[in-house]
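J.:
2 protein chains.
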Amino acid sequence: MRTEVVAIGTELLLGQIVDTNSSYIGEQLALTGLDSHFQTKVGDNLDRIVSVLELALDRSDAVICCGGLGPTQDDLTREAIARVMGVPLEADEQMEERILEMFAGRGRRMPMNNLRQAQRPVGAHFIEQLPGTAPGLVCPVSRSDGADGTVDKVVYAVPGVPWEMKEMLSGTILPDLQRRAGITSVIVSRTLRTWGESESGLAELLSGRIDHLDGTGNPTLAFLASGIEGLKVRLTAKGADATAANALLDEEEAEVRALLGPLVFGVDGDTMESVVLELLDRSGMTLAVAESLTGGLIGARICSVPGASSSFLGGVVSYSADVKRELLGVPDGPVVTEAAAIHMAVGAARLLGADVGIAATGVAGPDPAEGLDPGTVCLAVVVGDTADDGRSIATTVRLPGGRNQVRDFSVITLLGMLRRTLIELG
Amino acid sequence: MRTEVVAIGTELLLGQIVDTNSSYIGEQLALTGLDSHFQTKVGDNLDRIVSVLELALDRSDAVICCGGLGPTQDDLTREAIARVMGVPLEADEQMEERILEMFAGRGRRMPMNNLRQAQRPVGAHFIEQLPGTAPGLVCPVSRSDGADGTVDKVVYAVPGVPWEMKEMLSGTILPDLQRRAGITSVIVSRTLRTWGESESGLAELLSGRIDHLDGTGNPTLAFLASGIEGLKVRLTAKGADATAANALLDEEEAEVRALLGPLVFGVDGDTMESVVLELLDRSGMTLAVAESLTGGLIGARICSVPGASSSFLGGVVSYSADVKRELLGVPDGPVVTEAAAIHMAVGAARLLGADVGIAATGVAGPDPAEGLDPGTVCLAVVVGDTADDGRSIATTVRLPGGRNQVRDFSVITLLGMLRRTLIELG
Numbered sequence: 015m016r017t018e019v020v021a022i023g024t025e026l027l028l029g030q031i032v033d034t035n036s037s038y039i040g041e042q043l044a045l046t047g048l049d050s051h052f053q054t055k056v057g058d059n060l061d062r063i064v065s066v067l068e069l070a071l072d073r074s075d076a077v078i079c080c081g082g083l084g085p086t087q088d089d090l091t092r093e094a095i096a097r098v099m100g101v102p103l104e105a106d107e108q109m110e111e112r113i114l115e116m117f118a119g120r121g122r123r124m125p126m127n128n129l130r131q132a133q134r135p136v137g138a139h140f141i142e143q144l145p146g147t148a149p150g151l152v153c154p155v156s157r158s159d160g161a162d163g164t165v166d167k168v169v170y171a172v173p174g175v176p177w178e179m180k181e182m183l184s185g186t187i188l189p190d191l192q193r194r195a196g197i198t199s200v201i202v203s204r205t206l207r208t209w210g211e212s213e214s215g216l217a218e219l220l221s222g223r224i225d226h227l228d229g230t231g232n233p234t235l236a237f238l239a240s241g242i243e244g245l246k247v248r249l250t251a252k253g254a255d256a257t258a259a260n261a262l263l264d265e266e267e268a269e270v271r272a273l274l275g276p277l278v279f280g281v282d283g284d285t286m287e288s289v290v291l292e293l294l295d296r297s298g299m300t301l302a303v304a305e306s307l308t309g310g311l312i313g314a315r316i317c318s319v320p321g322a323s324s325s326f327l328g329g330v331v332s333y334s335a336d337v338k339r340e341l342l343g344v345p346d347g348p349v350v351t352e353a354a355a356i357h358m359a360v361g362a363a364r365l366l367g368a369d370v371g372i373a374a375t376g377v378a379g380p381d382p383a384e385g386l387d388p389g390t391v392c393l394a395v396v397v398g399d400t401a402d403d404g405r406s407i408a409t410t411v412r413l414p415g416g417r418n419q420v421r422d423f424s425v426i427t428l429l430g431m432l433r434r435t436l437i438e439l440g
Numbered sequence: 015m016r017t018e019v020v021a022i023g024t025e026l027l028l029g030q031i032v033d034t035n036s037s038y039i040g041e042q043l044a045l046t047g048l049d050s051h052f053q054t055k056v057g058d059n060l061d062r063i064v065s066v067l068e069l070a071l072d073r074s075d076a077v078i079c080c081g082g083l084g085p086t087q088d089d090l091t092r093e094a095i096a097r098v099m100g101v102p103l104e105a106d107e108q109m110e111e112r113i114l115e116m117f118a119g120r121g122r123r124m125p126m127n128n129l130r131q132a133q134r135p136v137g138a139h140f141i142e143q144l145p146g147t148a149p150g151l152v153c154p155v156s157r158s159d160g161a162d163g164t165v166d167k168v169v170y171a172v173p174g175v176p177w178e179m180k181e182m183l184s185g186t187i188l189p190d191l192q193r194r195a196g197i198t199s200v201i202v203s204r205t206l207r208t209w210g211e212s213e214s215g216l217a218e219l220l221s222g223r224i225d226h227l228d229g230t231g232n233p234t235l236a237f238l239a240s241g242i243e244g245l246k247v248r249l250t251a252k253g254a255d256a257t258a259a260n261a262l263l264d265e266e267e268a269e270v271r272a273l274l275g276p277l278v279f280g281v282d283g284d285t286m287e288s289v290v291l292e293l294l295d296r297s298g299m300t301l302a303v304a305e306s307l308t309g310g311l312i313g314a315r316i317c318s319v320p321g322a323s324s325s326f327l328g329g330v331v332s333y334s335a336d337v338k339r340e341l342l343g344v345p346d347g348p349v350v351t352e353a354a355a356i357h358m359a360v361g362a363a364r365l366l367g368a369d370v371g372i373a374a375t376g377v378a379g380p381d382p383a384e385g386l387d388p389g390t391v392c393l394a395v396v397v398g399d400t401a402d403d404g405r406s407i408a409t410t411v412r413l414p415g416g417r418n419q420v421r422d423f424s425v426i427t428l429l430g431m432l433r434r435t436l437i438e439l440g
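These protein sequences, in sequence, are chains A and B. Following the working numbering, the numbering of the first sequence begins with 15 at its first residue and continues without gaps. Following the working numbering, the numbering of the second sequence begins with 15 at its first residue and continues without gaps.
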């Protein structure tokens with residue numbers, strides 16, 4: 015079962031929009047166990063869309079079209095598919111009513127050209143999911159098998175709006191493709207998030223497992239780089255049903271975790287900040303941040319998690335040296351030092367009344383400062399009252415990249431430090 | 015002159031990497047005045063790459079291949095082009111030496127398979143720019159013109175590493191394509207950044223200009239949506255040389271600015287934060303921020319501009335209500351009000367000793383707070399001592415979208431308010 019993706023829209027060719035939809039669809043096809051060998055982008059031109067669809071149907075069994083289902087004259091996907099099927103378009107009264115009701119329900123007047131969206135090639139049917147006002151299509155196509163017979167192929171069409179596309183893909187297209195491909199097994203994947211080790215380092219730690227899995231072929235293990243957010247270890251398992259596949263994943267996850275230990279900070283949707291907030295919640299401690307070169311990025315990232323307010327109190331952005339001294343109590347002298355970072359963390363915790371303080375101070379660049387090269391960053395984590403039985407750790411790191419990469423790298427490195435500290439404290 | 019782009023790499027089909035290169039190349043081709051009707055992604059498979067190249071050469075005059083020029087067995091672009099040209103690959107001794115020297119210069123041992131990169135199809139030549147270790151290629155191809163003659167076409171190959179691709183594109187490929195297409199004129203574009211008006215609103219304000227330009231055809235004007243960052247108005251002019259094209263742009267920019275007034279906040283690389291920092295610098299005033307729902311995003315965005323320290327002192331992230339009250343002096347009672355926002359701005363300016371304070375407080379969601387729906391945000395700008403001749407303004411906005419969009423929208427809206435205030439103060 016060979017599939018391919020056709021993204022439709024002149025704005026994609028002009029680079030006004032980056033085509034992330036095809037990437038997403040390609041990933042989902044692969045995870046479903048379906049081959050896809052080509053992806054094509056074509057503009058809003060009927061002849062060219064038809065030529066791309068004809069070619070795709072020659073070399074593949076199923077084609078997923080993305081975009082060009084809107085209400086305007088530029089939206090030509092419906093016409094192109096009808097032409098490839100050799101049938102006319104017809105208006106679907108039920109769908110017309112559904113679209114009219116949708117507008118009425120939102121208290122909006124419907125422009126009449128929206129009824130174009132209720133048209134479908136004769137013989138095609140609509141995708142059940144309708145998250146927006148553009149219905150998707152399932153269009154059966156017959157093609158010669160090269161001998162005397164014919165072979166059944168299919169063209170799907172989904173809107174270019176990502177969440178609409180995703181709902182139709184998972185709700186209708188992938189299950190339909192699995193059925194057509196006779197895939198009765200279920201493929202499930204799980205991603206372990208790691209931080210603190212290079213790809214070759216992880217490969218070394220996991221070499222025994224990788225050899226073993228190469229032998230069995232199920233589950234499989236792959237590394238996915240995700241920039242400064244660490245490396246992902248993706249486990250994919252095939253089973254007779256979801257329960258069986260998940261049991262394989264559970265087993266393999268335990269093996270991998272035993273080898274990687276605390277390098278694994280989360281699973282799937284977990285982020286470093288969500289994990290840190292969970293650890294804080296569990297310990298009942300509150301957090302304050304002191305930021306210099308990051309300018310607020312640490313706080314912003316923590317607050318991106320809903321419910322952050324249960325343990326995150328806030329922080330001080332001490333961008334100027336005066337603010338570091340007067341507000342946070344950093345002594346006179348250089349401010350890119352581990353001592354200054356600890357003073358900042360202590361100062362923020364004191365000022366905001368938090369149990370834990372973290373701080374970042376450093377040289378983001380492009381110019382050096384205090385005789386230090388850009389990328390030199392001091393990070394500190396302080397827990398409790400250091401005069402009593404509290405604990406403070408600080409480190410100096412040399413981070414690569416330009417100004418914004420150094421800042422982003424500082425944030426994840428500091429959150430990683432905080433995570434390890436909270437784990438060690440139990 | 016029809017061009018098209020072929021992106022090569024299995025990781026692109028699997029969605030492990032989003033293909034931003036093709037978008038970039040498509041944009042540059044359009045800005046150079048060259049048509050491009052198709053973009054294709056294909057995996058690391060020799061037969062399939064060859065089939066895509068053959069098709070591209072059938073329907074276009076020039077093909078730009080991106081990716082697959084590395085040193086490993088997976089990197090098949092050189093082989094595929096040689097096959098399409100009907101010639102063998104040959105090693106280029108000069109290039110071998112250049113690559114060896116490059117590794118030696120970086121003090122690194124060269125893996126022998128890197129010499130694969132010094133191969134080129136007989137008749138092809140290397141692109142002069144060599145920012146990495148993967149040389150690019152210019153490969154002349156002859157194709158039948160459908161009658162008795164032949165027509166000269168060309169295949170370019172560049173690495174998938176974005177900065178390497180960009181250097182080769184601007185340094186060799188675009189000028190070569192212009193020469194082949196007989197384009198002697200120069201096309202220059204300029205983007206005006208706007209904030210505070212919808213696309214239909216801008217179109218109405220500019221309707222006279224749009225009609226006029228539709229008549230002359232040079233320069234042209236286009237709207238580009240850039241999400242919550244406002245709308246871009248892109249002016250593109252064609253001239254005998256850059257001076258002539260820029261003169262047309264200067265003239266048109268003045269016309270557009272006269273109609274849009276302060277809606278235009280910058281040009282090309284300007285951002286709202288860079289513009290605000292410039293206005294602060296010019297007035298000699300310093301800035302402090304107080305952030306609640308944005309959690310540090312405002313400060314982080316301001317600090318992303320190199321040199322921000324000349325007027326940005328820092329701020330307070332007052333995520334918890336206690337911090338708002340105790341540190342910033344917000345009175346008891348609800349904290350999502352315009353009065354609370356003004357208190358926060360005054361408090362931050364006082365605490366950090368700044369001339370200007372700005373503040374954001376609101377409900378990011380997903381849940382309501384203080385009886386207010388998610389998206390309800392209060393923003394304040396305070397300049398100078400409000401007890402004296404200072405000035406304070408506050409507003410309540412209802413912002414659309416989920417948690418993070420509400421936060422991002424709050425940042426740009428507040429910075430836009432600050433900009434207008436600084437301009438009014440002169």
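Backbone N, C-alpha and C fix where the C-beta goes; we use that ideal spot for every residue, glycine too. Predicted, not measured: the structure shown is a model, and the values here were computed from it.
(1) Going by C-alpha to C-alpha distance, which of B:S158, B:L277, B:E142, B:V270 sits closest to E178 of chain B?
(2) Does the contact criterion of 3 or more C-beta pairs under 8 Å hold for the region 113 to 131 of chain A versus the region 74 to 81 of chain A?
(3) Which partner residues does L237 of chain B have in the DSSP bridge list?
(4) I want to verify the contact list: residues of chain B whose CB lies under 7 Å from the CB of L311 of chain A, in sequence order.
(5) Taking a cut of 7 Å between CB atoms, which residues from the region 412 to 440 of chain B lie near chain A?
(6) Examine chain A for any beta-carbon lying closer than 7 Å to the beta-carbon of F52 of chain B, and answer yes or no.
(7) Should S37 of chain B be flagged as near chain A, meaning a C-beta pair shorter than 7 Å?
(8) Counting contacts by CB-CB distance shorter than 7 Å, is Q143 of chain A in contact with chain B?
(9) Determine, for G328 of chain B, whether the minimum Cβ-Cβ distance to residues of chain A falls below 7 Å.
(10) May I ask which residues mark the beginning and end of the beta strand (DSSP E) holding V19 of chain A?
(11) List the endpoints of the continuous alpha helix (DSSP H) containing A195 of chain B.
(12) Return yes when the Cβ of V32 of chain A is within less than 7 Å of the Cβ of S37 of chain B, no when it is not.
(13) Hey, how far is the Cα of R194 of chain A from the Cα of D255 of chain A?
(14) Once DSSP output is grouped into helix, strand and coil, what is the label at E104 of chain A?
(15) Along chain A, in chain order, which residues have C-beta atoms closer than 7 Å to that of P380 of chain B?
(16) Mind checking if V337 of chain B is an interface residue toward chain A, Cβ cutoff 7 Å exclusive?
(17) Quick one: is G29 of chain A near chain B, going by C-beta distance under 7 Å?
(18) Would you list, in sequence order, the uninterrupted alpha helix (DSSP H) runs of no fewer than 4 residues that lie entirely inside the region 152 to 177 of chain B?
(19) Can V202 of chain A and A239 of chain A be called in contact, C-beta distance under 7 Å?
(20) Which residues in chain B sit within 7 Å of R123 of chain A, going by Cβ to Cβ distance?
(21) Shortest alpha-carbon distance to L341 of chain B belongs to which of B:M358, B:S325, B:G328, B:L327?
(22) Starting from G329 of chain B, trace the beta strand (DSSP E) both ways and give me its first and last residue.
(23) Please list the partners that R9 of chain A has in chain B, where partner means a Cβ-to-Cβ separation under 8 Å.
(24) To the nearest angstrom, how far is it from the Cα of L274 of chain B to the Cα of D346 of chain B?
(25) Inspect the beta-carbon positions of A302 of chain A and A368 of chain A and report whether they are closer than 7 Å.
(26) Which ranges would you report for the alpha helix (DSSP H) in the region 67 to 134 of chain A if only whole runs of at least 4 residues count?
(27) Could you tell me if P135 of chain A is buried or exposed, where buried requires 16 or more neighbouring beta carbons within 10 angstroms of its beta carbon?
(28) Residues of chain A with CB under 8 Å from S288 of chain B, in chain order?
(29) Can you check DSSP and say which residues form a bridge with G376 of chain A?
(30) Any idea which residues DSSP pairs V136 of chain A with across the strands?
(31) What three-state label does DSSP hand T427 of chain B in the structure shown?
(32) Shortest alpha-carbon distance to N128 of chain B belongs to which of B:S156, B:V152, B:P85?
(33) Smallest Cα separation from Y170 of chain B: which of B:S323, B:G185, B:P154?
(34) Between B:T230, B:I197, B:G222, which lies nearest to D49 of chain B when the distance is taken from Cα to Cα?
(35) Quick one: what's got a C-beta closer than 7 Å to V331 of chain B's C-beta in the same chain, skipping five residues either side?
(36) Name the chain A residues whose beta carbon is nearer than 7 Å to that of G57 of chain B?
T.: Judging by the given coordinates:
(1) For the purposes of this step, residue 178 of chain B is taken as residue 164 along the second sequence, with counting starting at 1. Nearest C-alpha to E178 of chain B: B:E142.
(2) The region 113 to 131 of chain A is not in contact with the region 74 to 81 of chain A.
(3) In the second sequence, counting from the first residue as 1, residue 237 of chain B sits at position 223. The question names Leu, yet the displayed sequence has Phe at residue 237 of chain B. F237 of chain B is bridged to B:V247.
(4) Along the first sequence, read from residue 1 onward, the residue named residue 311 of chain A stands at position 297. Per Cβ cutoff of 7 Å: G310, A314.
(5) Going along the region 412 to 440 of chain B in chain order, one finds R417, N418 with a Cβ nearer than 7 Å to chain A.
(6) In the second sequence, the residue the question calls residue 52 of chain B occupies position 38. It does; some Cβ of chain A falls within 7 Å.
(7) If you number the second sequence from 1, residue 37 of chain B lands on position 23. Chain A contact via Cβ: present.
(8) The residue given as residue 143 of chain A occupies position 129 in the first sequence. With its beta carbon at least 7 Å from every one in chain B, Q143 of chain A lies outside the interface.
(9) Counting from 1 along the second sequence, the entry for residue 328 of chain B is found at position 314. Judged by the 7 Å Cβ criterion, G328 of chain B is in contact with chain A.
(10) Counted from its first residue, the first sequence places residue 19 of chain A at position 5. DSSP places V19 of chain A inside the beta strand (DSSP E), whose first and last residues are 16 to 22.
(11) Locating residue 195 of chain B in the second sequence gives position 181, where the first residue counts as 1. Unbroken alpha helix (DSSP H) run through A195 of chain B: 188 to 195.
(12) Here residue 37 of chain B is taken as the residue at index 23 of the second sequence, counted from 1. Here residue 32 of chain A is taken as the residue at index 18 of the first sequence, counted from 1. Contact flag set, yes.
(13) To locate residue 194 of chain A, count along the first sequence from 1; it is residue 180. To locate residue 255 of chain A, count along the first sequence from 1; it is residue 241. Rounded to the nearest angstrom, the two C-alpha atoms are 18 Å apart.
(14) Taking the first sequence and counting its residues from 1, the one referred to as residue 104 of chain A is at position 90. Strand at E104 of chain A.
(15) Your numbering for residue 380 of chain B matches position 366 in the second sequence. Result: P320.
(16) Within the second sequence, residue 337 of chain B is the residue found at index 323, counting from 1. By this cut-off, V337 of chain B is an interface position.
(17) Counting from one through the first sequence, the residue named residue 29 of chain A turns up at place 15. Interface residue, yes.
(18) none
(19) Numbered from its first residue, the first sequence carries residue 202 of chain A at position 188. Numbered from its first residue, the first sequence carries residue 239 of chain A at position 225. No, Cβ-Cβ distance for V202 of chain A and A239 of chain A is not below 7 Å.
(20) In the first sequence, the residue the question calls residue 123 of chain A occupies position 109. What R123 of chain A touches in chain B: nothing, since even the nearest Cβ is about 15 Å away.
(21) In the second sequence, residue 341 of chain B corresponds to position 327, counting from 1. When only C-alpha atoms are compared, the closest one is B:M358.
(22) To locate residue 329 of chain B, count along the second sequence from 1; it is residue 315. That run of the beta strand (DSSP E) goes 326 to 332.
(23) Summary: the structure shown does not reach residue 9 of chain A, with chain A confined to residues 15 through 440, and so no result is reported for it.
(24) In the second sequence, counting from the first residue as 1, residue 274 of chain B sits at position 260. In the second sequence, counting from the first residue as 1, residue 346 of chain B sits at position 332. Rounded to whole angstroms, L274 of chain B to D346 of chain B spans 42 Å at the Cα level.
(25) Position 288 of the first sequence, counted from the start, is the residue given in the question as residue 302 of chain A. Position 354 of the first sequence, counted from the start, is the residue given in the question as residue 368 of chain A. Yes, these two residues count as a Cβ contact at 7 Å.
(26) Taken in chain order, the complete alpha helix (DSSP H) segments of 4 or more residues contained in the region 67 to 134 of chain A are 91 to 99, 107 to 119.
(27) For the purposes of this step, residue 135 of chain A is identified with residue 121 of the first sequence, where counting begins at 1. P135 of chain A comes out buried.
(28) One-based indexing of the second sequence puts residue 288 of chain B at position 274. What S288 of chain B touches in chain A: nothing, since even the nearest Cβ is about 13 Å away.
(29) Reading the first sequence from its first residue, position 362 is the one you call residue 376 of chain A. Its beta-bridge partners are A:V391.
(30) In the first sequence, residue 136 of chain A corresponds to position 122, counting from 1. DSSP, once it has assigned bridges, lists no residue as partnering V136 of chain A.
(31) Here residue 427 of chain B is taken as the residue at index 413 of the second sequence, counted from 1. When secondary structure is reduced to three states using DSSP, T427 of chain B falls in the helix class.
(32) For the purposes of this step, residue 128 of chain B is identified with residue 114 of the second sequence, where counting begins at 1. The alpha carbon of N128 of chain B has as its nearest neighbour, out of B:S156, B:V152, B:P85, the alpha carbon of B:P85.
(33) Translated into the one-based positions of the second sequence, residue 170 of chain B becomes position 156. Y170 of chain B has its Cα closest to that of B:P154, out of B:S323, B:G185, B:P154.
(34) Taking the second sequence and counting its residues from 1, the one referred to as residue 49 of chain B is at position 35. If we check each option's Cα against that of D49 of chain B, B:I197 comes out closest.
(35) Taking the second sequence and counting its residues from 1, the one referred to as residue 331 of chain B is at position 317. Here the set comprises E305, G309, G310.
(36) Within the second sequence, residue 57 of chain B is the residue found at index 43, counting from 1. Ordered by position in chain A, the residues that pass the 7 Å Cβ test against G57 of chain B are H51.
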